[in-house]
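> Protein chains in written order, with the working numbering: chain W, 299 to 598; chain E, 299 to 598.
Positions of the beta carbon are idealized from the N, C-alpha and C atoms, including for glycine.
Remember, predicted model here, so these are calculated numbers, not experimental data.
Pasting a structure below so you can have a look.
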């Protein structure tokens with residue numbers, strides 16, 4: 299039977315493999331690690347890479363925490379007191395070159411002593427400039443991973459990502475989305491082992507997807523205009539993470555380790571009052587594509 | 299009898315006078331104005347100054363909006379349906395030179411057709427580097443304004459600012475505070491006219507306070523180290539405004555004019571993972587002063 303220890307160990311290994319692969323693809327900087335303990339139980343390994351050849355700032359976090367289940371969760375689920383155990387890997391990478399997209403990945407497992415459990419996670423991409431071929435490549439890769447496990451997964455989880463990574467007050471998506479899933483547990487169609495197999499495949503697909511963009515786009519030319527636009531897009535990333543992201547909110551509300559929670563914030567972000575897009579510009583083209591419901595897999 | 303029209307007109311005039319004085323003190327840039335209408339009723343005049351000699355980005359907003367009172371307010375006050383009218387002036391200024399502090403001011407009036415009304419507002423200062431003499435000057439000016447109206451105001455409103463501008467997840471104050479007050483209405487000690495007189499004095503004290511710092515500190519030397527620290531302090535400003543500020547949250551939740559609400563965000567802000575202060579540095583000295591309860595008025 300699948301145990302939380304087995305899941306935890308696999309996530310630790312995933313963090314190791316991802317950090318190794320990113321260092322190789324970056325070729326310039328190495329991850330630094332901070333180990334931390336949670337007063338209520340458990341802890342984590344936060345790893346950050348800075349000022350590399352490709353990556354300006356990136357975090358690859360592993361954590362496994364446990365203790366009394368927060369009241370809010372028990373209340374929402376109408377459950378009595380129970381202990382919880384939560385483990386996962388969480389990644390945000392901010393590249394130097396505005397032609398390389400920002401990426402986010404998370405895989406996680408949650409269980410309680412009353413037998414309740416679920417998996418969650420996803421991968422989503424935030425290009426500063428949307429390249430349609432790149433977007434199609436990204437979504438096709440995710441669809442392949444999903445299709446291997448359930449032909450209904452991709453459509454469902456893609457739509458979930460569109461909804462989740464939507465910046466309501468800007469009426470725009472954070473990027474071109476990806477897949478997002480939560481509260482995944484055994485049911486009529488899949489056993490716990492099958493869901494775990496899917497989650498592992500999501501974790502394993504991160505490296506080939508992102509190193510592809512690192513390698514392919516890092517040498518593309520850019521100038522002041524592209525850097526300024528990158529800062530504005532990063533500003534929107536900050537807005538999403540601080541105003542809307544549930545994981546961030548949960549972390550801030552429950553006195554999580556601040557430096558690990560806010561590791562996702564960019565090294566430098568900008569805000570310009572009433573920024574005016576020039577019709578027909580690359581920036582305007584990107585802005586027009588920050589909407590829900592685009593079917594990237596069939597794009598030519 | 300004091301009417302909402304009289305208050306509104308005075309706020310409009312205050313916006314005009316503040317913009318004129320800031321332009322003169324800046325000597326480089328002029329405010330641009332955007333007039334906007336609110337679908338539910340009312341509108342505003344957003345004014346922004348950019349890339350001046352002293353000010354890198356600043357907003358001075360006037361608004362007067364009305365319509366159906368939001369459910370959340372009625373529920374909190376246990377009141378039945380009523381229309382509301384709200385008007386005020388709101389300011390955030392981000393200077394170029396890290397030795398010049400960020401400043402925020404707000405004066406506002408709210409009333410409902412059921413007779414309920416209140417005033418709110420305040421001024422608070424966020425120095426990138428805390429200069430003790432400047433902090434004392436700032437708080438003494440505020441205390442003078444308060445003392446003119448009520449000898450209990452300063453202590454009460456200073457403490458309120460300490461609590462309001464506290465970044466819980468960082469366990470630090472946003473800056474050196476100032477005064478903050480809300481729900482101020484006539485009572486045993488003051489009539490509505492007297493409170494209005496206090497609010498006007500708060501509004502009028504903004505220009506002498508801030509132009510003093512603009513003039514005095516703008517020529518102070520700074521380098522890369524100071525600019526980097528400025529970006530980090532601005533990052534904290536962003537965290538406060540997006541995670542904690544009630545005005546911002548209300549604006550985002552109620553579909554306010556985004557560009558006016560988020561005008562307060564800095565042109566450029568930074569986040570560094572696990573930034574380590576050097577013991578004895580100017581930065582460490584500032585960080586140590588970002589705590590509640592300091593009595594700046596008596597500092598020597």
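Who are the neighbours of residue 520/W on chain E, taking C-beta pairs under 9 Å?
Result: empty, since nearest Cβ-Cβ is about 18 Å, beyond 9 Å.
> By DSSP, does residue 334/E sit in helix, in strand, or in coil?
strand
> Is it true that the segment 553 to 573 of chain E meets the segment 340 to 359 of chain E, where meeting means three or more beta-carbon pairs spaced less than 8 Å apart?
yes
> For residue 407/E and residue 366/W, what's the separation of their Cα atoms in angstroms?
45 Å
> Would you tell me roughly how many angstroms separate the C-alpha atoms of residue 463/W and residue 399/W, rounded to the nearest one?
If I take the Cα positions, the gap works out to 15 Å.
> Could you check where the alpha helix (DSSP H) with residue 419/W kicks off and where it finishes?
From DSSP, residue 419/W is part of no alpha helix (DSSP H) but of the beta strand (DSSP E) over 415 to 424.
> Quick one: what does DSSP say residue 390/W is sitting in, helix, strand or coil?
strand
> Let me check understanding here. Comparing Cα to Cα, which of 583/E, 535/E, 424/E lies closest to residue 574/E?
583/E
> Taking beta-carbon pairs under 9 Å, can you tell me which members of the segment 327 to 357 of chain E lie near chain W?
330, 332, 344, 346, 348, 355, 357
> Out of curiosity, what's the CA-to-CA distance linking residue 380/W and residue 411/W?
6 Å
> Can you tell me which of the three DSSP states residue 507/E falls into?
helix
> Specify the secondary structure class of residue 516/E as computed by DSSP and reduced to three states.
coil
> Just the Cα atoms here: how many angstroms apart are residue 362/E and residue 386/E?
Those two C-alpha atoms are separated by around 7 Å.
> Which of helix, strand or coil does DSSP assign to residue 464/E?
It is a strand residue.
> Pull up the distance between the alpha-carbon of residue 483/E and that of residue 302/E, whole angstroms please.
14 Å
> Any C-beta of chain W sitting closer than 8 Å to the C-beta of residue 390/E?
For residue 390/E, the answer is no, since every Cβ of chain W falls outside 8 Å of its Cβ.
> Once you ignore the five residues that flank residue 550/E on each side, which residues in its own chain have a CB closer than 7 Å to its CB?
559
> Can you tell me whether DSSP reads residue 569/E as helix, strand or coil?
coil
> What residue from 392/E, 440/E, 314/E has the CA that sits closest to residue 533/E's CA?
392/E
> Note down the Cα distance separating residue 490/W from residue 403/W, rounded to an integer number of angstroms.
21 Å
> So for residue 437/E, helix, strand or coil by DSSP?
helix
> Are residue 422/W and residue 459/W close, meaning C-beta to C-beta below 8 Å?
If you check the CB distance, residue 422/W and residue 459/W come in under 8 Å.
> Starting from residue 558/W, follow the alpha helix (DSSP H) in both directions and report where the run begins and ends.
Per DSSP, residue 558/W belongs to the alpha helix (DSSP H) from 556 to 559.
> Chain W partners of residue 563/E, CB-CB under 8 Å?
533, 569, listed in chain order.
> Do three or more CB pairs link the segment 431 to 451 of chain E to the segment 589 to 596 of chain E at distances below 8 Å?
yes
> How many whole angstroms separate the CB atoms of residue 327/E and residue 509/E, which I take to be in contact at a CB cut-off of 8 Å?
With a Cβ gap of about 15 Å, residue 327/E and residue 509/E do not count as contacting.
> Distance, Cα to Cα, residue 527/E vs residue 492/W?
Using only the alpha carbons, I get a separation of about 49 Å.
> For residue 501/E, count the other beta carbons within 10 Å of its own beta carbon; 16 or more makes it buried, fewer makes it exposed. Which is it?
buried
> So residue 361/E is in the beta strand (DSSP E); what residue range does that whole segment cover?
353 to 366
> Can you check whether the C-beta of residue 363/E is within less than 8 Å of a C-beta belonging to chain W?
no
> Under a three-way DSSP split, which group does residue 345/W fall into?
strand
> Leaving out five residues on either side along the sequence, give the residues of the same chain with a beta carbon under 7 Å from the beta carbon of residue 310/E.
360
> So what does residue 478/E bridge to, in DSSP terms?
420/E
> Taking 8 Å as the CB-CB cut-off, is residue 394/W touching chain E?
no
> Measuring alpha carbon to alpha carbon, tell me which residue in 496/E, 300/E, 467/E is nearest residue 477/E.
496/E
> Quick check on the DSSP output: the beta strand (DSSP E) that includes residue 405/W runs from which residue to which?
From DSSP, the beta strand (DSSP E) with residue 405/W extends over 400 to 410.
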